[in-house]
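Have a look at the structure below, then the notes.
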Amino acid sequence: MSVRDTVLRVIDDVARTNGRRLPPLTDDLPLLDSGLDSLCLAVIVANLEDTLGIDPFSSAEDGALPETVGALVGLYEGALV
Amino acid sequence: MECLAGLILRQGRARRGQGEDDQETRAGALIGGSLRVPFARAAACRASARAAAAYAGASVVLALADQLRAALALIALDGVAARIVLVPAGEAAAHLGAIVTAAGAGHVIEDWMLPGEDEAAALPAPAACQTEWVLLTSGTTGVPKLVVHTLQTLSAHVAAQHGPDRTQHRTKNRTQHIWGTFYDTRRYGGLQVLLRALIQGQALVLPGAAMTLPAFVTHAAAHGVTHLVGTPSHYRQLLMSGLAGRLRPDYVRLSGEIADQAILNRLRRCFPHAEIVHAFASTEAGLAFQVSDGRAGLPVDYATVLVPRVEAEIRGQDLRIRSPLNALGYLDRTRSPVAAEDGFVETGDLLNLQDGRYHFAGRRSGQVNIGGRKVHPEEVEAVLYEHPAVDICAVWARRNPITGAVVAADIMCRPDIQRRIDSRELLVCDLVEDIQSFCRTRLQAHKIPVSISFVRSLDLSRSGKLARLHA
Chain A
50 MSVRDTVLRV
60 IDDVARTNGR
70 RLPPLTDDLP
80 LLDSGLDSLC
90 LAVIVANLED
100 TLGIDPFSSA
110 EDGALPETVG
120 ALVGLYEGAL
130 V
Chain B
338 MECLAGLILR
348 QGRARRGQGE
358 DDQETRAGAL
368 IGGSLRVPFA
378 RAAACRASAR
388 AAAAYAGASV
398 VLALADQLRA
408 ALALIALDGV
418 AARIVLVPAG
428 EAAAHLGAIV
438 TAAGAGHVIE
448 DWMLPGEDEA
458 AALPAPAACQ
468 TEWVLLTSGT
478 TGVPKLVVHT
488 LQTLSAHVAA
498 QHGPDRTQHR
508 TKNRTQHIWG
518 TFYDTRRYGG
528 LQVLLRALIQ
538 GQALVLPGAA
548 MTLPAFVTHA
558 AAHGVTHLVG
568 TPSHYRQLLM
578 SGLAGRLRPD
588 YVRLSGEIAD
598 QAILNRLRRC
608 FPHAEIVHAF
618 ASTEAGLAFQ
628 VSDGRAGLPV
638 DYATVLVPRV
648 EAEIRGQDLR
658 IRSPLNALGY
668 LDRTRSPVAA
678 EDGFVETGDL
688 LNLQDGRYHF
698 AGRRSGQVNI
708 GGRKVHPEEV
718 EAVLYEHPAV
728 DICAVWARRN
738 PITGAVVAAD
748 IMCRPDIQRR
758 IDSRELLVCD
768 LVEDIQSFCR
778 TRLQAHKIPV
788 SISFVRSLDL
798 SRSGKLARLH
808 A
């Protein structure tokens, strides 16, 4: 499974277990206006660290924080290159 | 003894006397949603509101969804009610009954009227009593602990500055501060900014009930907020919202959680001209440190960043605080004091000296801070022990770049369950899901373990209690 598919699957899983309905996960969908709150995002990042073995937020300490689904996918893809 | 309404009006008169602020409508107002209530009217409301008389000498619980109306109730009832318990949004549903009982409350206030447009600024009656302000903080059983303050312990450092603050954050051509708070004003950090704005006659923009963070940012930008207050997690969300560019703050304050270097650097880059301050406060110890050098942690010479009249001591790793801002005691622990015999409050926070700087290294109790909301491991462990698969468990704080930490659990399964896992009869992922959904029906969302590891052994300290290794 590609990094992109993994990230999108984890977002979907977390949204489902927290009873959130999300619009289609397009690249330009804003992370925080999509129906996910910060706790959901925290869970997504923790689950992705367990699945992919990396936490690109901490390794890129001063980098910009992602604002959209596409930027979040890019952050993980960039870190795994 | 002066009540909050009296303090607001007296300070307002003093400022007008100095010719400082004659534009009542611009300065000193609470702004929430489409509502704007000038402080003078809110304070005068105390004199005229007959409702306040109904609460004379009473113990009341303020459990309002709307922060602006809760602030108006506070202004009206300080000096009237004997005790006011402040319940933040989200806490009411789970524990209201226990809070009402512990506070001996005769009234639960869930709504409050707005002052009439034509209500004149009459002088409030002198305070009839010294009102106890009771704040909630997390307890090991899940039921919040009730911490007793007074207007004085909550605002001594603000009131001591006599009128508008001329020494700090007076930047560029803006002399009027417009505060905006991400932080619930019923919690210690948010209440600090509410009292500062009220006493110093500055505007305060509050989130409406159930307003999302992006909606609040838009609301704050529309009102030209110059001074922002929130937890590091609030600011991480702000930076991820794509809306940070709409705000042009002169002053950015972080409290309620450990501020790490990454969030300080990101805020510096986003708001290059703002003064960025991270503060240390706890509900029991009160406000203690304010650090503005842009670096995480405390300087070795930490006395230089202490709030005036506050004393601090680092004994081993433990931070202790003695000050006029200390709480008076716990209401629900037969009024046990929060301070030790020498007057110092054990904050429970641990500090490590590292590279010439004291860094916060978690809590002595292993308490987890999730975006400013505290969770005691014992509460989560108690729920896990009800699950039939769990033999021994340990809950700990796992670092997280979004909320600072999330709840994690190490679990030793009962032998029969472990055998089923070993024989692949039971899949680990299914058991994780089962335990999480079990927790979901018994715990608030932020207390559910995000990650669960099944282990063969857990380290027990000599006392027989689990050693909290991850604090």
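Residue numbers (this note's numbering), protein chains in the order written: chain A, 50 to 130; chain B, 338 to 808. Built from N, CA and C at the ideal position, the CB exists for glycine as well.
- The Cβ atoms of arginine 657 of chain B and valine 637 of chain B lie no closer than 8 Å to each other.
- Proximity of chain B to leucine 90 of chain A at the Cβ level (cut-off 7 Å) is accounted for by Ile739, in chain order.
- For histidine 713 of chain B, no alpha helix (DSSP H) encloses it, and the DSSP letter there is neither H nor E.
- Excluding its 5 nearest sequence neighbours in each direction, threonine 740 of chain B has C-beta neighbours in its own chain below 7 Å: Ser570, Ile707, Gly708, listed in chain order.
- In the DSSP assignment, asparagine 663 of chain B falls outside any alpha helix (DSSP H), carrying neither H nor E.
- Note on geometry: alpha-carbon atoms of alanine 622 of chain B and arginine 53 of chain A lie some 46 Å from one another.
- Residues of the stretch 576–602 of chain B with a C-beta less than 8 Å from any C-beta of chain A: Leu576, Met577, Ser578, Gly579, Gln598, Ala599, Asn602, listed in chain order.
- Taking every protein chain shown into account, the CB of aspartate 521 of chain B has 16 or more other CB atoms within 10 angstroms, so this residue is buried.
- At a cut-off of 8 Å between beta-carbon atoms, glutamine 627 of chain B makes no contact with chain A.
- With a threshold of 8 Å between beta carbons, glutamate 116 of chain A makes contact with chain B.
- Residue B:Arg523 holds the alpha-carbon nearest to the alpha-carbon of leucine 473 of chain B among B:Phe519, B:Arg523, B:Thr490.
- For threonine 518 of chain B, the enclosing beta strand (DSSP E) starts and ends at 515–518.
- Put simply, the CB of valine 52 of chain A is far from chain B, with every gap to its CB atoms at 8 Å or more.
- The beta carbons of alanine 410 of chain B and isoleucine 368 of chain B sit no closer together than 8 Å.
- Excluding sequence positions up to five before and after histidine 696 of chain B, its CB lies within less than 6 Å of the CB of Gly634, Asn689, all in the same chain and listed in chain order.
- Residue pairing by DSSP places asparagine 67 of chain A opposite no residue, since no beta bridge is assigned to it.
- Under the Cβ criterion of 8 Å, serine 570 of chain B is counted among the residues facing chain A.
- With respect to arginine 590 of chain B, alanine 616 of chain B sits close: the two C-beta atoms are nearer than 8 Å.
- Contact check for cysteine 750 of chain B against phenylalanine 791 of chain B passes: the beta carbons are separated by less than 8 Å.
- Cysteine 766 of chain B counts as exposed, since fewer than 16 other C-beta atoms from the protein chains shown sit within 10 angstroms of its C-beta.
- The alpha carbon of glycine 365 of chain B has as its nearest neighbour, out of B:Gly416, B:Leu768, B:Leu531, B:Gly527, the alpha carbon of B:Leu531.
- Closest by C-alpha distance to serine 788 of chain B, out of B:Asp771, B:Arg757, B:Ala745, B:Glu762, is B:Ala745.
- Shown here for serine 83 of chain A: same chain residues with a beta carbon closer than 6 Å to its own, the five before and five after excluded, namely Leu71 in chain order.
- Around the beta-carbon of aspartate 686 of chain B, 16 or more other beta-carbon atoms lie within 10 Å, marking it buried.
- A Cβ of chain A is located within less than 8 Å of the beta carbon of glutamine 574 of chain B.
- Each of B:Tyr588, B:Ala377, B:Ser629, B:Asp655 was checked against the Cα of phenylalanine 608 of chain B, and the nearest Cα belongs to B:Tyr588.
- Buried is the label assigned to aspartate 747 of chain B, since at least 16 other Cβ atoms lie within 10 Å of its Cβ.
- For aspartate 82 of chain A, the chain B residues whose C-beta falls within less than 8 Å of its own C-beta are Thr549, Pro551, Ser578, listed in chain order.
- Cβ-Cβ distances below 7 Å link glycine 693 of chain B to Val637 in the same chain, with the five nearest sequence neighbours on each side left out; the list follows chain order.
- Assignment of beta-bridge partners to lysine 482 of chain B by DSSP yields B:Thr474.
- Buried is the label assigned to leucine 423 of chain B, since at least 16 other Cβ atoms lie within 10 Å of its Cβ.
- Residue B:Ala400 holds the alpha-carbon nearest to the alpha-carbon of tryptophan 449 of chain B among B:Ile436, B:Val417, B:Ala400.
- In this structure, DSSP gives aspartate 655 of chain B an extended state, which the three-state scheme calls strand.
- With a beta-carbon spacing of about 12 Å, valine 480 of chain B and alanine 440 of chain B fall beyond the 8 Å limit used to define contacts.
- Within the model, the alpha-carbon separation for glycine 394 of chain B versus valine 554 of chain B is close to 39 Å.
- The three-state secondary structure of proline 569 of chain B, taken from DSSP, is helix.
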